[in-house]
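In my numbering, the protein residues as written are 6 to 147.
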């Protein structure tokens, strides 16, 4: 049986696994995987790294926040960014995607790390486009 009124809960596995494009403007695009859901690597890295660093035992709230920020940058680079287009170095040369390059990018530009995490948690970025269009037409998605 195929259900017809759940388009707003549909899932695009390809976008979740290979990343959905996040347009940064000026020809720059990050391909971001979904956080949680079927991205078990993301969940595993967050849990493992938080435990390794004993983040919940840090008593200074500022130091704890800084350590969480560092962890988020690492995990975003390793488990959320699937690739990119249009990212250049200071000399205007294209930078080939790698986890190491992503880690460097997010470390230098923490606002991008925040954007990646925010977009990775947005369910609408990972819905099946056709089913979502149908749900919109039927008034199921607001």
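For each residue, glycine too, the CB sits at the ideal point set by N, CA and C. Only a predicted model underlies this, so the values are computations on that prediction, with no experimental measurement involved.
Next on the checklist: Need the endpoints of the beta strand (DSSP E) that residue 28 sits in, please.
Outcome noted: 25-30
Next on the checklist: Check for me: the beta strand (DSSP E) holding residue 33 runs from which residue to which?
Outcome noted: 33-37
Checklist entry - Going by beta carbon distance, what residues of the same chain come within less than 6 angstroms of residue 178, once the five residues before and after it are set aside? => result Because residue 178 is not part of the residues shown, which for the chain are 6 to 147, the question remains open.
Item to check | Nearest neighbour of residue 74, chosen from 106, 8, 115 [CA to CA] | outcome: 115
Checklist entry - Are the CB atoms of residue 21 and residue 131 nearer to each other than 8 angstroms? => result yes
Checklist entry - Among 112, 6, 28, which one has its Cα closest to the Cα of residue 124? => result 28
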